[in-house]
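A short worksheet on the structure shown next.
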Amino acid sequence: MQIRVLGRVDYLPTVEAMRRFTELRGPDSPDELWLCEHPPVFTQGVAGRAQHVLDAGDIPVVATDRGGQVTYHGPGQVVAYPLVDLRRHGIYVKEHVFRLEQAAVRVLAAWGVTAHRVSGAPGLYVRLDDPSGHARLDPRPPAEQPTAARLQAGGVDPFRGLGKIAALGVKVTRHCAYHGLALNVAMDLSPFGRIDPCGYRGLRTIDLSTIGVRAAWSDVADRLGRELAALFQPR
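My numbering applies: residue 1 is where the sequence shown begins, and numbers increase by one.
Structure, rendered in structure tokens:
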């Protein structure tokens with residue numbers, strides 16, 4: 001996997017470049033990983049609903065072809081775009097998403113933070129009262145756990161005591177994936193209050209700084225790049 005650190009780049013041209021790369025790649029094209037951060041932007045996935053953007057204000061809202069609902073990108077967030085030929089790795093979308101999450105799990109662990117998954121709500125979450133705590137959110141096997149959407153529809157807050165620290169959304173075409181993962185390091189988090197993050201009203205979004213972890217963007221990006229490259233080593 002070839003790693004490219006792009007620095008701060010506008011969102012829409014980056015998506016267009018990923019799309020072109022994916023359209024033009026052949027069976028022997030190497031996978032690439034693009035690491036960057038974006039100026040402030042709200043992005044609406046293909047499942048996005050306008051009502052989840054509460055008050056965009058002066059921040060642009062960009063419709064995109066990734067999965068999922070609305071999220072926010074801004075300075076202080078590490079965005080990783082793995083451009084991966086899934087067929088070459090012998091995996092499908094579910095495993096691809098798991099690997100993206102797992103790379104971020106390892107990165108957070110390197111800074112002493114324990115990441116948790118919530119059934120039916122892709123991304124990573126942290127216990128606000130104990131960011132390093134390993135206690136499981138739900139002791140039941142994953143297949144027996146109700147999804148976040150079902151819990152919220154029933155009046156139960158599936159994110160009680162949690163903060164979301166990483167979001168993801170992917171697009172797969174001709175067995176090749178693009179878009180990816182966003183990990184919050186040290187951001188202005190207030191724009192998340194202008195949306196229902198990932199379609200969930202009241203979901204709190206945090207970064208490493210919020211939970212008392214001081215980390216440089218470049219260090220987190222470097223570690224995330226190495227973890228992703230390791231998980232996508234060719235067989």
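C-beta: ideal position from N, C-alpha, C; glycine also. Here the structure is a predicted model, which is why all the values come from computation and not from measurement.
- Per the C-alpha coordinates, the member of M18, R99, G57, L33 positioned closest to L231 is R99.
- DSSP places H175 in no beta strand (DSSP E); its state is neither H nor E.
- Annotation for V113: V126, P131, S132, I165, L208, I211, V213 place their beta carbon closer than 8 Å to its own, counting only its chain and skipping 5 residues before and after.
- Rounded to whole angstroms, the separation of the alpha carbons of V79 and D58 is 22 Å.
- Judged by DSSP secondary structure, A80 falls outside any alpha helix (DSSP H) and instead within the beta strand (DSSP E) spanning 77-85.
- Comparing alpha-carbon positions, the option among T71, V170, H52 lying closest to L189 turns out to be T71.
- Counting every other CB atom within 10 Å of its CB across the protein chains shown gives R223 a total of 16 or more, marking it as buried.
- In this model, D28 and A221 are separated by some 27 Å (Cα to Cα).
- Only residues of its own chain outside the window of five on either side were considered, and among them R66, G67, V93, H96, V97, L100, A177, Y178, H179, G180 have a CB closer than 8 Å to the CB of V170, listed in chain order.
- If only complete runs of 3 or more residues are kept, the segment 92-117 shows no beta strand (DSSP E) anywhere.
- Distances from the alpha-carbon of G48 to those of G199, R8, G120 put G199 closest.
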